[in-house]
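Presented below is the structure to which this report refers.
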Amino acid sequence: MIEIFEKIINTFEFQAIIRLLLGVILTGIIGYEREAWKKPAGMRTHILVGESAVLIMLCGIFLTEKTGGADPTRIPAQLLSGIGFIGAGTILRDGFHVKGLTTAASLLAVTGIGLLVGAGAYIIAIIATLFVYIILSYTYVVSDSAEKYSEFDFKIYTDCIHENLKQIEENFIKEEILLKSIKTEKDFIEVKGKISDSINKNKLITNIMQIEDIKEIVEE
1081 MIEIFEKIIN TFEFQAIIRL LLGVILTGII GYEREAWKKP AGMRTHILVG
1131 ESAVLIMLCG IFLTEKTGGA DPTRIPAQLL SGIGFIGAGT ILRDGFHVKG
1181 LTTAASLLAV TGIGLLVGAG AYIIAIIATL FVYIILSYTY VVSDSAEKYS
1231 EFDFKIYTDC IHENLKQIEE NFIKEEILLK SIKTEKDFIE VKGKISDSIN
1281 KNKLITNIMQ IEDIKEIVEE
């Protein structure tokens, strides 16, 4: 019974399932972080890119085992060239401002993580995921001090929560303000994020107050 179980574990198919599941978990962690910041490519996109990388790596390994001499790196090499098209789709240019570069870089990172998982380098893939997540989540502490950003927490009171939610979010996005979270409560909308010192906060509040049914804005 144990021998049969060991044979099943060592089959290519079983190993492929493990790698695909691990790929979903690791790349999903990076995607979740990007989605929390409402970036163009969220959790689903990152998981799909990462899973594609795992599948392509598995395909290369499978062909090598079948042919007994094929180079397993040839197919993944083409993936790294093609991932640039997806990354380019997340980069937006607005005048002199360019947005989406970090998200494009994170897609390249999950591609690498997927290839590592597909190749069976689990420990390296897990460590790489940890590094990428830390870089995306915490390096803003350093960059914010250089770019002079400050955190804000607004409670926007309104009688029409769901009707005003989209308009409020559009106002923040229009000013290129980094949003951490938007929560709806019984009688107010709580918005948390980071705002550059170059942006006039009073003007922003005035613009939001002009939205119909907005009664009051309280800064925590």
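For the sequence shown, this note's numbering assigns the number 1081 to the initial residue and increments by one for each residue that follows.
Virtual Cβ for every residue (Gly too), placed ideally from N, Cα, C.
Keep in mind the model is a prediction, meaning the values are calculated, not measured.
Does the Cβ of N1244 have 16 or more other Cβ atoms within 10 Å, making it buried, or fewer, making it exposed?
buried
Using the three-state DSSP reduction, which class does G1180 fall into: helix, strand or coil?
Three-state result, G1180: coil.
Between P1120 and E1086, what straight-line distance do the alpha-carbon atoms span, to the nearest angstrom?
43 Å
Quick one: is H1126 buried, meaning 16 or more other Cβ sit within 10 Å of its Cβ, or exposed?
buried
State the start and end residues of the unbroken beta strand (DSSP E) segment that holds G1273.
F1268 to S1276
Quickly, what does DSSP pair E1299 with across the bridge? List them, please.
In the DSSP output, where bridge partners are listed per residue, E1299 has F1234.
Flag this pair as yes or no: are the beta carbons of K1305 and L1258 separated by less than 8 Å?
The structure shown has nothing for residue 1305, since the chain only spans 1081 to 1300.
Specify the secondary structure class of I1082 as computed by DSSP and reduced to three states.
helix
Of the residues S1186, F1094 and I1269, which one's Cα is nearest the Cα of A1168?
S1186
Distance check for F1165 and I1253, CA to CA, integer angstroms please.
25 Å
Do you know whose CA, among I1082, T1191 and D1293, lies nearest D1239's CA?
D1293
Nearest by alpha-carbon distance to K1118: which of K1281, T1107 and T1170 is it?
Here the closest residue by C-alpha is T1170.
If you run the structure through DSSP and keep just helix, strand and coil, what is G1175?
The pLDDT assigned to G1175 is 48, lower than 50, so where the model puts this residue is not dependable; a value taken from the coordinates is nonetheless given after this. Coil.
Extract the residue ranges of the alpha helix (DSSP H) inside the segment 1109-1152, only unbroken runs of 4 or more that lie entirely within it.
The segment 1109-1152 contains these whole alpha helix (DSSP H) runs: 1123-1147.
Go through its chain and collect everything with a Cβ distance to L1188's Cβ below 7 Å, but skip five positions before and after it.
Contacts found: I1163 and G1167.
For E1265, which of M1137, T1286, Q1290 and F1234 has the nearest alpha-carbon?
F1234
Is it the case that the Cβ atoms of E1131 and L1106 are separated by a distance below 8 Å?
Not a contact, by the Cβ cut-off of 8 Å.
Per DSSP, what kind of secondary structure is T1209 in: helix, strand or coil?
helix
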